[in-house]
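Novice:
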Amino acid sequence: MSAATPEHIMQVGLGFWASKTLLSAVELGVFSTLANAPADLPTLQRKLALHQRSARDFLDALVALKLLERENGIYSNTVDTDLFLDRAKASYIGGMLEMANARLYGFWGSLTEALRTGEMQNEGKGAEKTCLRPCMPIRSGCGDL
Numbered sequence: 457m458s459a460a461t462p463e464h465i466m467q468v469g470l471g472f473w474a475s476k477t478l479l480s481a482v483e484l485g486v487f488s489t490l491a492n493a494p495a496d497l498p499t500l501q502r503k504l505a506l507h508q509r510s511a512r513d514f515l516d517a518l519v520a521l522k523l524l525e526r527e528n529g530i531y532s533n534t535v536d537t538d539l540f541l542d543r544a545k546a547s548y549i550g551g552m553l554e555m556a557n558a559r560l561y562g563f564w565g566s567l568t569e570a571l572r573t574g575e576m577q578n579e580g581k582g583a584e585k586t587c588l589r590p591c592m593p594i595r596s597g598c599g600d601l
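Heads up, the sequence shown is in this note's numbering, so the first residue is 457 and it goes up one at a time.
And the structure:
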């Protein structure tokens, strides 16, 4: 019998760190920028408009997550990120990640509230107060929304 450790619990509990790091990198265009040419820290700071306080830690986190490579201070994509996270390629899957970041990520922060109240924690939250279809004419309110 092996000794009990908190490793799995901590990995699951802090899993959002890795997820949000990837989602932010996709949003910022890190992988598309590096698909054009590998770059050093100052170049990436300028091209991606990253603050100097956070840029190195952010890029090094992507290296630690095996989403970027760094050799002699030059950052480059991995084989996977070059193929699947460069917006210029037909194989780009980042659109799903962009949607998850923009529309879904924040709602998961309200999971405890949803479990306690039973209220929706998605785009429908607050729909009783606001019509969600602004492109359609509103006759007498939002109807069945």
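Yeah, the Cβ is synthetic: ideal placement off N, Cα and C, and Gly gets one too. Since we're looking at a predicted model, the values are computed, not measured.
(1) Just grab the DSSP bridge partners of Arg-526 for me.
(2) Does the count of Cβ pairs from the region 490 to 502 and the region 527 to 544 closer than 8 Å reach three?
(3) Only counting the same chain, and skipping five residues up and downstream in sequence, which positions put a Cβ closer than 6 Å to that of Ala-474?
(4) Which value, in whole angstroms, describes the spacing of the CA atoms of Glu-579 and Met-555?
(5) Compute the beta-carbon to beta-carbon distance between Glu-483 and Asn-528, rounded to the nearest angstrom, for a pair I have assumed lies under 8 Å.
(6) What is the DSSP secondary structure of Asp-496, counted as helix, strand or coil?
(7) Mind checking which residues open and close the alpha helix (DSSP H) that includes Glu-483?
Specialist: According to the data block:
(1) Position 70 of the sequence shown, counted from the first residue, corresponds to residue 526. Arg-526 is bridged to Tyr-531.
(2) yes
(3) Along the sequence shown, one-based indexing puts residue 474 at 18. So the qualifying residues of the chain are Leu-521.
(4) Translated into the one-based positions of the sequence shown, residue 579 becomes position 123. Translated into the one-based positions of the sequence shown, residue 555 becomes position 99. Approximately 13 Å, taken between the alpha carbons.
(5) Numbered from its first residue, the sequence shown carries residue 483 at position 27. Numbered from its first residue, the sequence shown carries residue 528 at position 72. Contact doesn't hold; Cβ gap of about 28 Å is too wide.
(6) Position 40 of the sequence shown, counted from the first residue, corresponds to residue 496. DSSP places Asp-496 in strand when its eight states are reduced to three.
(7) Looking up residue 483 in the sequence shown gives position 27. Its alpha helix (DSSP H) spans residues 471 to 484.
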